[in-house]
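Going by the working numbering, the sequence shown runs without a break in its numbering and finishes at 292. In this text, a Cβ means the ideal position worked out from N, Cα and C, and glycines have one as well.
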Amino acid sequence: MASSMRSLFSDHNRYVESFRRFLNSSTEHQCMQEFMDKKLPGIIARIGDRKSEIKILSIGGGAGEIDLQILSKVQIQYPGIHINNEVVEPSAEQIAKYKELVAKTSNLENIKFAWHKETSSEYQNRIIEKKEFQKWDFIHMIQMLYYVKDIPATLKFFHTLLATNAKMLIILVSGVSGWDKLWKKYGSRLPQDDLCQYVTSSDLTQMLDKLGIKYECYDLLSTMDISDCFIDGNENGELLCDFLTETCNFNTTAPPDLKAEIMKDLQESEFSVKKEGKVLFNNSLSFIVVET
Numbered sequence: 001m002a003s004s005m006r007s008l009f010s011d012h013n014r015y016v017e018s019f020r021r022f023l024n025s026s027t028e029h030q031c032m033q034e035f036m037d038k039k040l041p042g043i044i045a046r047i048g049d050r051k052s053e054i055k056i057l058s059i060g061g062g063a064g065e066i067d068l069q070i071l072s073k074v075q076i077q078y079p080g081i082h083i084n085n086e087v088v089e090p091s092a093e094q095i096a097k098y099k100e101l102v103a104k105t106s107n108l109e110n111i112k113f114a115w116h117k118e119t120s121s122e123y124q125n126r127i128i129e130k131k132e133f134q135k136w137d138f139i140h141m142i143q144m145l146y147y148v149k150d151i152p153a154t155l156k157f158f159h160t161l162l163a164t165n166a167k168m169l170i171i172l173v174s175g176v177s178g179w180d181k182l183w184k185k186y187g188s189r190l191p192q193d194d195l196c197q198y199v200t201s202s203d204l205t206q207m208l209d210k211l212g213i214k215y216e217c218y219d220l221l222s223t224m225d226i227s228d229c230f231i232d233g234n235e236n237g238e239l240l241c242d243f244l245t246e247t248c249n250f251n252t253t254a255p256p257d258l259k260a261e262i263m264k265d266l267q268e269s270e271f272s273v274k275k276e277g278k279v280l281f282n283n284s285l286s287f288i289v290v291e292t
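Following this line, the structure appears as structure tokens:
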């Protein structure tokens with residue numbers, strides 16, 4: 001690997017911008033919205049049975065867009081019941097955005113919010129140290145397990161915090177997505193970073209099987225328009241390439257042979273589909289629902 005290649009996580013501003021471009025170019029949020037509309041109501045149907053308060057724990061809540069969608073579905077299912085929503089999020093910037101979103105959103109009167117600026121492992125250590133083992137009716141981890149060092153231990157710990165009839169929702173890239181193929185084929189040749197690891201739903205279901213934890217897995221198709229990646233000097237394409245490879249300035253720092261291989265593969269059918277002149281990367285997501 002060329003020494004000039006470095007992880008995208010080493011440049012916070014570029015990572016944030018490349019992630020924004022990814023969201024703009026993909027159907028990620030639409031895919032999640034479809035799941036929330038069609039599947040989530042059935043999943044949360046019993047979490048608040050015979051309870052005066054519903055306790056929800058968001059691990060890696062980010063800026064809160066998806067969290068508020070989830071809360072809206074719980075409100076519809078359990079009108080008038082008080083909801084205690086606690087958020088674990090290591091980024092102060094994201095928490096600030098989350099609070100702004102809550103401030104300008106109506107119909108949240110029956111929801112109490114609390115934010116903890118910490119990682120999931122910091123939260124876990126704090127709870128164990130203080131012996132504050134509160135039970136939760138719904139725990140969700142959306143696109144955050146990539147940033148956890150010991151995933152089986154994390155799954156096991158949060159599973160113990162589930163109350164009666166509770167569910168835990170995990171969302172991450174599918175084992176049949178282009179990400180899975182990209183990471184398996186090129187992961188060892190791209191910058192390794194302690195902050196992030198390559199994990200997909202196929203890895204996760206194996207871990208859950210080993211732990212003997214019951215779950216259901218739903219896959220939904222999502223795509224990411226990467227057409228700009230093949231236009232020399234296109235800023236959007238360069239940022240999307242950075243996001244795909246988790247490499248800062250991939251186009252200018254990657255060895256020519258590696259760049260050529262990846263750019264060729266990204267157009268192959270196992271990674272993407274070509275439709276109406278566009279190259280659509282397979283960004284399929286898995287929604288894993290864990291039971292008590």
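Note that the C-beta distance between F35 and L240 is not below 8 Å. The beta-carbon distance between G175 and S202, rounded to whole angstroms, is 3 Å. This is short enough to meet the 8 Å contact definition. Of K210, V88 and F243, the smallest CA-CA separation from N13 is found for F243. S227 places its beta carbon less than 8 Å from that of K278.
Under the Cβ criterion (8 Å, minimum of three pairs), the stretch 144 to 151 does not count as touching the stretch 111 to 118. The C-beta separation of H29 from E53 comes to about 29 Å, leaving the pair out of contact by the 8 Å criterion.
When the beta-carbon positions are compared, C248 and G237 stay at least 8 Å from each other. Here DSSP, grouped into helix, strand and coil, assigns N234 to coil. For V176, the three-state secondary structure derived from DSSP is coil. Under the 10 Å beta carbon count, T252 is surrounded by fewer than 16 other beta carbons and is classified as exposed. The beta carbon of Q124 lies closer than 6 Å to those of F157 in the same chain, with the five residues before and after it left out. Under the three-state reduction of DSSP output, V16 falls in the helix class.
Inclusion of L204 and I170 in the CB contact set at 8 Å is warranted, their separation being smaller than that value.
Assigned with DSSP and collapsed to three states, S188 falls in helix. According to the DSSP secondary-structure assignment, V88 is paired through a beta bridge with I59 and H116.
For M207, the enclosing alpha helix (DSSP H) begins and ends at S201 to L211. Residue environment for G60: buried (at least 16 other C-beta atoms within 10 angstroms of its C-beta). Here C196 carries a strand assignment [DSSP, helix/strand/coil].
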